[in-house]
Every structure is written in C-alpha cells, then in structure tokens.
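> Here the UniProt record's numbering is used: the first residue of the sequence shown is 1, the next is one more, and so on. Below is a structure I'd like to ask you about.
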Amino acid sequence: MTEPPPAPSHDLHIVLVEPEIAANTGAIGRTCVAVGATLWLVRPLGFHIDDRSVKRAGLDYWEHLRYHVVDELDEVIRRLGPDRLWWFSTKAARIYTEAPFRPGDALVFGSESRGLPRKWIDGDPERALRIPMRPEARSLNLANAAAVGLYEAFRRIGG
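So, in structure tokens, the structure goes:
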C-alpha cells in the first residue's frame, strides 16, 4: 500500500504511540479525514495496518487518509519539530482547552493500556495536556480522547 504524501505544514497531526486496538485507530483515522489531519502511527502496532477492523472502523474514509507508519517517535519529532507536540495524558496538570494550538501542531496519545511514559509528561509539563473528567472515570477511550483534542485544536486554528 502506498502512503499518501506528507501533510502541508498548516494541517494538524495525530500521533498514536504503539496503538493496540485496530478499531480505535480506524475511528481516529476517520476523524483525521474529517478535519484534514495527518495520522502518525509509531510502531510497534498491536495489529496489522491492513487489518479488516481498521478498515471497517474507517469505512470508506481510509483511502482519503494521510498517514505515516514510523519506527520511533524521534522520526515524528524530526519531521514536525519538538515544539509542535502536545502530550495527552490523564496524568497531566494542564487542561487541553488552555493550550495555544497552532497550525502544524501534533497531538500525541499513548497506547490504550499504558498511555504515554511519565517521563514525557514530566519532562515538558507545559506541553502535557489532560481532558478533565470525573474521578470515577479512569480515562476515555482512545478514539474519543483523540476526537476531543483534535476538534479543539481544529476549532482554535479556525477550522
């Protein structure tokens, strides 16, 4: 499968670090198509990219998705710049609506079972964001969290 060309610098990006569930990735891909965002998948993946459930969740949108599969997050950082990444985590202190999103920014999410490494959140707390929720809810589904963050960033940049 040939990957679409890289996104223009004004677009937003979603980065999934070691995603485990194909249906979540498919749903996130569909959301990316809806706002013109590029999806980055950082290996290892918990599924094959051509998995039927990825395609089913993305339905007929997958062919319109700009995406890249990379071996390490450093490749994303090299391509987009470290100052363009926003780390989403339930452990972050800053609320996602406080972030000054700009065109070309990337929203980074960890795997469904582990999230992002704590060192990334603690290493740059100003760029670490959380979606507020009641204490009874440990976290949101990855596809839901990505949609919440992406649509806020899209709204902020004038989408």
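Where is the CB? At the ideal position from N, CA and C, for every residue including glycine.
Determine the DSSP secondary structure at F154, reduced to helix, strand or coil.
The residue given as residue 154 occupies position 154 in the sequence shown. Reduced to three states, the DSSP call for F154 is helix.
> Determine the direct distance from the alpha carbon of K91 to that of S139, and round the result to whole angstroms.
Numbered from its first residue, the sequence shown carries residue 139 at position 139. Numbered from its first residue, the sequence shown carries residue 91 at position 91. Each residue's Cα considered, the two are about 10 Å apart.
> Which first and last residues belong to the beta strand (DSSP E) in which I14 is found?
Within the sequence shown, residue 14 is the residue found at index 14, counting from 1. Counting along the chain, the beta strand (DSSP E) containing I14 begins and ends at H13 to V17.
> Please list the terminal residues of the continuous beta strand (DSSP E) segment that includes R66.
Position 66 of the sequence shown, counted from the first residue, corresponds to residue 66. Per DSSP, R66 belongs to the beta strand (DSSP E) from R66 to V70.
> Going by CA-CA distance only, name the one from A153, S89 and W62 that's closest to P125.
If you number the sequence shown from 1, residue 125 lands on position 125. Ranking A153, S89 and W62 by Cα distance to P125 puts S89 first.
> Taking C-alpha atoms, which residue in P132, L116, V42 and R79 lies nearest to T25?
To locate residue 25, count along the sequence shown from 1; it is residue 25. Comparing Cα positions, the closest option is V42.
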